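One structure is given below, encoded as structure tokens.
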Amino acid sequence: MSVLPTVAEPMGSVPAAPGRSSLLARIWRDRNGRIGLTVIVLLAVIAVLGALGVLPHDPIAQHPAARLQGPSSRYWFGTDQFGRDIAARAAVGIWTSLRVAVVSVAAAAVIGSVLGISAGFFGGWVDQIVSRFIDILFAFPAILLALAVVSALGNGWQNTAIAIAVVYTPIFTRVSRGPTLTVGGAEYIKAQRVLGTPLPRILLRHVLPNVSAPIVVQVTLALSWAILTESALSFLGLGTRPPTPSLGLMVSDARNTVATAWWTLTFPALAIVIAVITLNLLGDGLRSALDPRRDSRP
Amino acid sequence: MTPPTPRGGVRFRTGAVALTATVTVAAGLAACSPSGSQNSSSGGSTFVVARTGDIDKLDPHLATAFQTQQTLGLVYSTLVKTSPTGQIQPDLATKWTTSSDGKTLDFTLRSGVTWQDGSPFTSKDVKASIERILDQKTGAVSRSNLVAIKKVDAPDDTSVVLHLSQPSASLLYSLTTVNSSIESAKDISAGTVGKKPNGTGAFAWNAWNPGQQVVLTGNAKYFGGAPKIKKLEFRVIPDESSILSGMKASAFQLGLISDPGVARQAGKADAYSLVKQPALAYHVLMLNGRKGPLKNQQVRQAISCAVDRNQVMQTAAYGDGTVTGPITSPAFAYSPTDGLPCTPGDTAKAKSMLAAAGYAQGFSLTTIVETGEYATAGAEAQNLQSQLAKIGVKLTLKQLSTGPYVSAWLDADYDAAVALNGGSYDPFLMYGRYFTSGGSLAKPAGLNSSTLADLLTQGNATSDDGKRQGTFRNLQKELLTESPWVWTFRSDDYYLVGSNVHGFTPRPDELLSSLTATS
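Taken in order, these protein sequences are the chains called U and D.
Heads up, the first sequence is in full-length UniProt numbering, so the first residue is 1 and it goes up one at a time.
Heads up, the second sequence is in full-length UniProt numbering, so the first residue is 1 and it goes up one at a time.
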């Protein structure tokens, strides 16, 4: 079998990604993108403040005398069963979730895209092997696959990130393979090959930029799923290790206290909801921003 | 051989293994559905007890799982039994005498008792049962507690004589456990023990659907009087919240839970009442006195002094429980702090003790924490971590599921272990296995102490109550002085008792013998 690029018939046009300089402005012009961008920046700032430890309370420190106190000027979001400040823990929890989400999605995007572009561009046995491997991974429910991986590796945020990356890699492979099939057969790619352009240069300079739009949109959606998955794994006791704050862990701990202390569940749950909705809105905005037909729409 | 677990018995619960929990919540909800709730307690229909785990064996001599002991304890009888306060009472033996040298026990057996298969109960059954327990090949759980018995005589059908190699005051307590149940000599010789339980207890074996339910029927010929419950079903509902839901829907007559969080959610309801019972089991931070800084008694004492027991109980169990010292038997209630050179929670004193021991800057420890076995382990560990940080001891939590935890625990492969250890009415039975030479759990105990071993031996060698009280008071004091572990609290067990249930009384040893008189 040949490892040379196969020449495929064009499968339709793939829109080129708009220029980078205009991306933020394009997102801002979209209402969903504007909301998403604003709130995600706000969450990121809160997360960084929490991670830097500049909030009024230590998220780990226990104050048993202040156990299960409701929201007040001293404890904005109240305290948990150990007397820990829920606001500080939620802030660090957002940091934990975003850190896991960014690392895992970055890994999944890179690995998945490399596999997908390779499969789509080279075709043949490379495509067969990658596609069948991806089919196998897709056969497992996402949360079950993540549970299996994290059970094998042990808990901790790094292993959680690996588990989530394994789950989302096939999605990026699928998302990048389809457009690559189209781009790989395009005239300008054929021209580059006739001109003797080295293969890595063709892939990096001509194929990747032209298949990046759906990948970028997929990244924002995967970030929201990753936050949910991290929260789910932590909720199940297989994610972040206590006493490190995690939104899922906080929700899990609050199950027993919610009946008498609503704030223990409400605020971490709200943080998860806001983060997920925000990233979806940002994904919508990004999709609009990267849509070449957007400006021609009435 | 003793149970290969930190506790006297093992609870099989879900909780931390969350996939299982997710699946089982659905199963539990299905089990709580109206189709499974056509029972009522009175009127002779099925009495349903919901609990999180299933039995794992049918042989009481080999039973370590707590659910197995609860179930087989209703099918089999013992020579003697304990009252809820720990007093020895007649069961198959109506009376007993101890010789003046304490080396001979003479039991008079109840006459007219029959096995559930209809054959008569005689002293031959007692002799065969004890000899089976003592046979190493059996692997009986209570063998190490009965090892003082060197010979069993059965001079007539209603008399049994135990000849001991040395006096053993704990022997009678050992004979009260489910692991010392009397089995039929016929079943033992036929090798059918553990296939279909055949006892002399209040309930007869009916059916077992593994993972789902065990069904017993009232034994009309029970020597203590036929139970009012005609059919008793233990139903496995792996999630305690689902048990609570089932109780709210009156699907069960009795719900057994151990999670203080679920108990808090239970609140008050018309369908049930929540009954709390302090258990004999105790929560403890075990220190491995054979490793690093923990070899130093002053370091162990400093750790013990740094821990405010009440704070652990308040944060981990929402205040449900009792701060305790080493001995949890109500009959041997002593000060939980006498012997410590400080008031627990005195951080300044603890820091000065650490400094005097040469650890002014503190040190690091790793503690193993079990996930899934009981609900409060993680919270206890987090609070202990927070409290010890104040004296510079950095406690790293290593969370393990039950299998790896027990394995590490038995191998003493830990610096510290957050544990829930089984208790007993008799102090020797509680600590003899840990702190006597050759004790079956001497390795995980983490400390060899000839003083502790001597006190335990002395306490077990006399049946004089005054002497035993004095000896075991000194034992508790010495345990706190040596501080091999940090004893924190005894938790409560929770029973959700249906509003139409009468006569149920929980016990500290968590057995369900009062179901005999429940309607």
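Heads up, the beta-carbon is just placed ideally off N, CA and C, and yes, glycines get one too.
Every value quoted in this text rests on a predicted model; they were computed, and no experiment measured them.
- C-alpha of GLY255 of chain D to C-alpha of GLN277 of chain D: approximately 13 Å in a straight line.
- The closest CA to that of SER73 of chain U, considering only U:VAL126, U:PRO56, U:ILE136 and U:PHE82, is found on U:PRO56.
- In the structure shown, the three-state DSSP call for ARG84 of chain U is coil.
- For ALA66 of chain U, same chain residues with a beta-carbon under 6 Å away, outside a window of 5 residues either side, are THR79 and GLY83 in chain order.
- Taking VAL161 of chain D as reference, the option from D:SER364, D:GLY246, D:ALA128 and D:THR518 with the minimal CA-CA separation is D:ALA128.
- The shortest CA-to-CA distance from GLY116 of chain U to any of U:GLY178, U:SER288 and U:GLY248 is the one to U:GLY178.
- In the DSSP assignment, VAL418 of chain D is bridged to D:LEU285 and D:VAL369.
- Not flagged as an interface residue toward chain U: ASN198 of chain D, since no C-beta distance is shorter than 8 Å.
- Contact of ASN383 of chain D with chain U is assigned, a C-beta pair being separated by under 8 Å.
- LYS349 of chain D and CYS305 of chain D have their C-alpha atoms roughly 8 Å apart.
- The three-state reading of DSSP puts HIS57 of chain U in coil, since its state is none of H, G, I, E or B.
- A Cβ of chain D is located within less than 8 Å of the beta carbon of PHE82 of chain U.
- Per DSSP, the unbroken alpha helix (DSSP H) holding TYR168 of chain U starts and ends at 157-184.
- Taking the Cα positions, THR68 of chain D is about 8 Å away from LEU58 of chain D.
- Sequence-distant Cβ neighbours of LEU134 of chain D in its own chain, meaning closer than 8 Å and more than five residues away, are ALA140, ARG143, LEU146, VAL147 and ILE149.
- Taking C-beta atoms as the reference points, VAL418 of chain D and LEU285 of chain D count as a pair closer than 8 Å.
- Taken in chain order, the complete beta strand (DSSP E) segments of 3 or more residues contained in the segment 346-412 of chain D are 363-371 and 393-401.
- By the neighbour-count criterion, in which a residue is buried when 16 or more other Cβ atoms sit within 10 angstroms of its Cβ, PRO344 of chain D is buried.
- Three or more beta-carbon pairs drawn from the segment 310-327 of chain D and the segment 464-476 of chain D are found closer than 8 Å, and the two stretches are therefore classed as touching.
- Taking the Cα positions, ARG290 of chain D is about 36 Å away from GLN70 of chain D.
- Residues of chain D with a Cβ closer than 7 Å to the Cβ of PRO64 of chain U are, in chain order, GLN311, GLN314 and THR315.
- Within chain D, ARG264, GLN265 and GLY267 have C-beta atoms less than 9 Å from the C-beta of ALA259 of chain U, given in sequence order.
- With distances taken between CA atoms, ALA356 of chain D lies nearest to D:PRO293 out of D:TRP115, D:PRO293, D:VAL312 and D:ASP411.
- Residue nearest to GLU380 of chain D within the set U:GLY154, U:PRO243 and U:ARG29 is U:PRO243 (criterion: CA-CA distance).
- Counting only runs that start and end inside the segment 227-271 of chain D, the beta strand (DSSP E) elements of at least 3 residues fall at 231-236 and 254-257.
- The beta carbon of SER364 of chain D sits closer than 6 Å to the beta carbons of LYS394 from its chain, once the five residues preceding and following it are set aside; these are given in chain order.
- Judged by beta-carbon spacing, ASP259 of chain D lies beyond the 8 Å limit of LEU480 of chain D, meaning their Cβ atoms are not closer than that value.
- In the three-state DSSP reduction, LEU62 of chain D falls in the helix class (H, G or I).
- Taking the beta carbon of PRO245 of chain U as reference, no residue of chain D falls within 7 Å; the closest one sits roughly 12 Å away.
- For the set U:THR173, U:GLU187, U:LEU49 and U:PHE121, the Cα lying nearest the Cα of ASP135 of chain U is the one of U:THR173.
- Three or more beta-carbon pairs drawn from the segment 490-505 of chain D and the segment 263-272 of chain D are found closer than 8 Å, and the two stretches are therefore classed as touching.
- ILE182 of chain D carries a coil assignment under DSSP once its states are collapsed to helix, strand and coil.
- Note that the C-beta distance between SER483 of chain D and ARG300 of chain D is below 8 Å.
- At a cut-off of 8 Å between beta carbons, PRO242 of chain U contacts chain D.
- Within the segment 253-284 of chain U, those residues whose Cβ lies closer than 9 Å to any Cβ of chain D are, in chain order, ASP253, ARG255, ASN256, THR257, VAL258, ALA259 and THR260.
- By the beta-carbon neighbour count (other beta carbons within 10 angstroms, threshold 16), ASN421 of chain D is buried.
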